[in-house]
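Report on the structure given below.
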Amino acid sequence: MGEEKGKLESIREWIVEHKLRTVGSLWASGIVGSMAYNWSQPNMKTSVKIIHARLHAQALTLAALAGAAVVEYYDHKTGAKAERVAKFLDLNDQPHRD
1 MGEEKGKLES IREWIVEHKL RTVGSLWASG IVGSMAYNWS QPNMKTSVKI
51 IHARLHAQAL TLAALAGAAV VEYYDHKTGA KAERVAKFLD LNDQPHRD
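Using UniProt numbering, the final residue of the sequence shown is 98, and nothing's skipped along the way.
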C-alpha cells in the first residue's frame, strides 16, 4: 500500500510540475478518442465528425485547465509552490552577498 501511495504521489508531482504538458496531452487524447468514436458512426458527415471531435477535446481541455487552476490555488494556499521554487532555484544554500 505504501508503494502505491508513492507512485500516486510521484504522478501527482509530475502533473504539478508539467501542467501544460498534461493539458496538451489530454487535448490530444480527447481529439484522438473522439475521432475514433465518431468514425464508428456511419451516418455522420466527415465535417460533423471533426466538429464533434474538436468540441469534445475543447471541453476536456477546459476541465483540465480548471483542475490545474484548483491545484495551483491549493499549492499557493499550502505554500508548496514556494517550497518548490526555492528548491528549484536553490535559494536556501546560496550565501548572501553584500
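Quick reminder that beta carbons are idealized off the backbone N, C-alpha and C, glycines included.
In this structure, I31 lies away from A64, with their beta-carbon atoms at least 7 Å apart. CA-to-CA, the gap between Q41 and T22 works out to about 29 Å. The beta carbon of M35 is closer than 6 Å to those of A53 in its chain, skipping five residues each way along the sequence. Note that the C-beta distance between T61 and W14 is not below 7 Å. Less than 7 Å separates the beta-carbon of K19 from that of A68.
Annotation: the UniProt domain "HIG1" (1-83) contains the following complete segments of the alpha helix (DSSP H) (minimum length 4 residues), in chain order: 2-17, 19-39 and 46-78. Check the Cα spacing between G24 and each of A59, S47 and G6: the tightest is with A59.
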